[in-house]
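Written out below as structure tokens is the structure these notes cover.
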Amino acid sequence: MKFLLTCLVVFFFLINTAQAQDNELALARQYSQNGETQKALDIYQKLYKQDNETYYPAYLSSLVAAKKFDEAESTAKKMIRKHPGVNEYLISLGSVYTQQGNDGKADALYNDLIKNLKADQNEISLLASQFYQNSNADYAIRIFLQGRKLLNNDALFSFELINLYRYKRDKVALTEEYLNFLPANPVYLSQAQNMLSTLYEGNTDYDMLKVALLKRIQKDPQQVVYVDMLTWQFLQQKEFDQALNQALALSRRQNNDGGSVFDLCRTLVANEAFDAAIRGYGFLVEKGKDNPYYISAKIELINTENLKVTAGKYTQADLLVLEHDYIALLDEFGRTPSTVFAMQKLAALQAFKLHKLKEAQALLEAAVAVPNVRPALLASCKLDLGDIGLLNNQPWDATLLYSQVEKANPATAIGQDALLRNAKLAYYTGDFNWARRQLDILKSATTQLIANDALNLSLLISDNLAVDSTAAALKVYARADLLIFAGQTDKALLTLDSIDKKYPGNPLVADILMAKAKIALQQKDYPAAVSLLKQIVTDHAYDLWADDAVYMLGDIYETKLNDTALAKTYYQKIITDYPASLWLNAARKRFRVLRGDKNEAS
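Using mature numbering (1 follows the signal peptide of the UniProt record, and there is no 0), the letters of the sequence shown map in sequence onto residues -20 to -1, 1 to 582.
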């Protein structure tokens, strides 16, 4: 019983001592953070004397912080004598010398460690880790490189060296390490690309990568990972034709099905490199009907030609050629789940560019009747069919289709899109109160574009009903909006110009400017769009369209007029002048990318 009581006393004493030390340690850390070096040192010294093994690192650091280098050196040497052969104390002594400005002494210690390094992988890793923990990445790297020599294996320690080179932002060494590592570990290709893209700062770095890759490809032309890396490098520098050339050459050399070329073409389309994508899809089509990508490539080839034509200035003849190509494709492959996407594209071309509403409606009705179509694609076709019903003056058919999609896809982006289209239908047809109720639901939509459209349209209706309960001017404006949607821009402009004549003093001045700006954008007349948007920014800075106009100006200058300085100005204006704008996050991100913030650009 006496023994048990003694044990309990000792136990509670140890607990109280530990708690007291923890409290003192927290206080010392607080003093250090506040810059009260001596107070922190006094506590660390006390704790060190109580238990020098545990508190040695903190005590030594506090001595260095207080510039008591002689005492720090003496303390480190005592630990070295007490624990001969334990390298962490030698390294800590070296760090004291370094902080004292005596790099020669530190290097002598460290070089002696390297000289006596044993061919033991675990010991090498431990020593390098100790250097890194002492904020000495350079010697950690030297230890790993020396370890490779001792163990006669250049593949060892790759992950460790990659992380160290990244930490040091040593772009050349990191590049070389990855190029040594990837041939045996191609699954890390994406990781390498992501890491290098965060570190590289411009064409000079990518050119360095290109030179290194070309040297390696010359020595080992069969190494696929180098060609893939070179293709990626060309993409980063927007040398799209060169990227495609590499992918085509590799596909020909391997005589494969061209899957990598197909994937690359999708990337090229996303970057609006339409000519290169058309060439890539053409290569796959030429492989013949037995190739698994033949149908997909032929469909995407025409879709890309569609994008190329409609992205620039085009003629009626250009549109008719596209229509002929789509019809020929459907005649060749039939109307199947694989070609429904092409049917949808052709219908959009016919409805909104060629104004062949009857043909477009029949085509989409056939598309939604095709069995086993992907649900998302089926829903998209139904929405387009509803749009054509709207243009055909069949609002009941349109709203039925929109409602079907909304009901089948609750709480999803496509379901919210359907609700927005239903609300716009009510707006186009003059049922403003019902439209506003639906739009208010969408203000918190998960998709920013839908939420922004819903908010703007809801405010447009509310502001105008507050001024004129009959909403006479708004009804004319809504008709003009519908004509813009239908691609009938000439009629839309005439309708917009009639509003001021019929209803002078109406509150739609900024709205009319925005509508005309959208028409100018449809027609690729960017100078006209810029002029109209600037009128909104200058004369209607507090209108509901003001922040949209500012963001659109930033986008036009960045993506269409290649003036990054002005683009940054307008994105910055969103951040400073319109902090409540729904465009705030997008503007902030694009501003940072243009400014060169690597974490955003990656």
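Glycine included, C-beta positions come from ideal geometry on N, C-alpha and C.
Quick one: using the 10 Å Cβ neighbour count with 16 as the cut-off for buried, is residue i buried or exposed?
i: D523; result: buried
i: F(-8); result: The predicted model places F(-8) with a pLDDT of 38, which falls under 50 and marks its position as unreliable, so this point remains unresolved.
i: K223; result: Reading off the sequence, residue 223 comes out as Ala, not Lys. Label assigned to A223: buried.
i: A(-3); result: Here the model assigns A(-3) a pLDDT of 46, short of 50, so the residue's position is not dependable and the matter cannot be decided.
i: S438; result: buried
i: R233; result: exposed
i: V207; result: buried
i: V320; result: buried
i: L422; result: buried
i: N(-5); result: Caution is warranted here: a pLDDT of 43 is assigned to N(-5), below 50, making its placement in the model unreliable, and the coordinate value is therefore given only provisionally. Exposed, because fewer than 16 other Cβ atoms sit within 10 Å of the Cβ of N(-5).
i: D221; result: exposed
i: G576; result: exposed
i: V(-11); result: Low local confidence applies: a pLDDT of 41 at V(-11) is under 50, so the model's placement there is unreliable, and no value is given.
i: E181; result: exposed
i: L300; result: exposed
Please list the terminal residues of the continuous alpha helix (DSSP H) segment that includes residue i.
i: G262; result: F254 to E266
i: P355; result: P355 to L371
i: Q502; result: V489 to Q502
i: H63; result: Segment: none, H63 is in no alpha helix (DSSP H) and carries neither H nor E.
i: L445; result: Q428 to V447
i: E219; result: Careful: E219 lies outside any alpha helix (DSSP H) and carries neither H nor E.
i: R568; result: L564 to R575
i: Y274; result: Y274 to A291
i: F332; result: Element bounds for F332: n/a, residue is neither H nor E.
i: V249; result: G239 to A250
i: E181; result: Counting along the chain, E181 falls outside any alpha helix (DSSP H), and DSSP gives it neither H nor E.
i: T475; result: T469 to K482
i: F139; result: S138 to K148
i: N91; result: D83 to K95
i: W525; result: Looking at the DSSP string, W525 is not in any alpha helix (DSSP H), and its letter there is neither H nor E.
i: N67; result: N67 to Q80
i: N413; result: F412 to L422
i: H304; result: Q296 to F313
i: L405; result: A393 to Y408
Hey, how far is the Cα of residue i from the Cα of residue j?
i: L512; j: Y551; result: 18 angstroms
i: A120; j: Q126; result: 10 angstroms
i: L141; j: N542; result: 39 angstroms
i: residue 620; j: I394; result: There is simply no residue 620 to check, as the chain begins at -20 and stops at 582 in what is shown.
i: A495; j: K504; result: 14 angstroms
i: K85; j: N165; result: 41 angstroms
i: A458; j: T409; result: 8 angstroms
i: L370; j: Q428; result: 25 angstroms
i: V517; j: T544; result: 19 angstroms
i: N91; j: D118; result: 12 angstroms
i: residue 583; j: R417; result: Residue numbering for the chain in the displayed model covers -20 to 582; residue 583 lies beyond these limits and cannot be assessed.
i: L533; j: A547; result: 7 angstroms
i: E156; j: S109; result: 22 angstroms
i: L130; j: E68; result: 21 angstroms
i: A192; j: Q213; result: 11 angstroms
i: I104; j: L93; result: 11 angstroms
i: E266; j: I464; result: 40 angstroms
i: P201; j: G239; result: 20 angstroms
i: V348; j: K362; result: 7 angstroms
i: Y168; j: R146; result: 15 angstroms
i: H304; j: I499; result: 27 angstroms
i: T549; j: V510; result: 14 angstroms
From this set, the options, which residue's C-alpha is nearest residue i's C-alpha?
i: A161; options: F137, L435, G182 and S177; result: One point to set straight first is that residue 161 is Phe, not Ala, in the sequence displayed. Closest option to F161, Cα to Cα, is F137.
i: N114; options: V265, N413 and L70; result: L70
i: G81; options: D50, D519 and A346; result: D50
i: P163; options: R146, M209, A328 and T469; result: M209
i: A434; options: T450, K404, K26 and L27; result: K404
i: A415; options: D448, T379, D185 and T392; result: T379
i: E33; options: L343, A56, A46 and L43; result: A56
i: R354; options: L281, P317 and A342; result: P317
i: W376; options: Q396, A406 and N133; result: A406
i: N402; options: P390, N389, G366 and N373; result: G366
i: N183; options: K151, T290 and E53; result: K151
i: E339; options: I368, F313, G314 and P351; result: I368
i: K47; options: N413, T78 and Y35; result: T78
i: Y186; options: V205, Q217, I499 and L419; result: Q217
i: D243; options: L215, D397 and D270; result: L215
i: L462; options: V510, T475 and N143; result: T475
i: T426; options: T392, D448, Q30 and L419; result: T392
Comparing the CB of residue i with every heavy atom of the ligand SAM, is any distance shorter than 7 angstroms?
i: R416; result: Only the bare structure without any ligand can be found here, which leaves the ligand SAM out of the picture.
ask   = Would you call the stretch 551 to 565 and the stretch 525 to 532 in contact, with 3 or more CB pairs under 8 angstroms?
value = Inter-segment contact for the stretch 551 to 565 and the stretch 525 to 532 is present: three or more beta-carbon pairs are separated by less than 8 angstroms.
query = Is the stretch 470 to 487 close to the stretch 442 to 452, with three or more CB pairs under 8 angstroms?
reply = Taking 8 angstroms as the limit for Cβ pairs, the verdict is that the stretch 442 to 452 does touch the stretch 470 to 487.
Touch test, the stretch 276 to 291 against the stretch 321 to 336, Cβ-Cβ under 8 angstroms, three pairs minimum = When C-beta atoms of the stretch 276 to 291 are compared with those of the stretch 321 to 336, three or more pairs fall below 8 angstroms, so the two segments count as touching.
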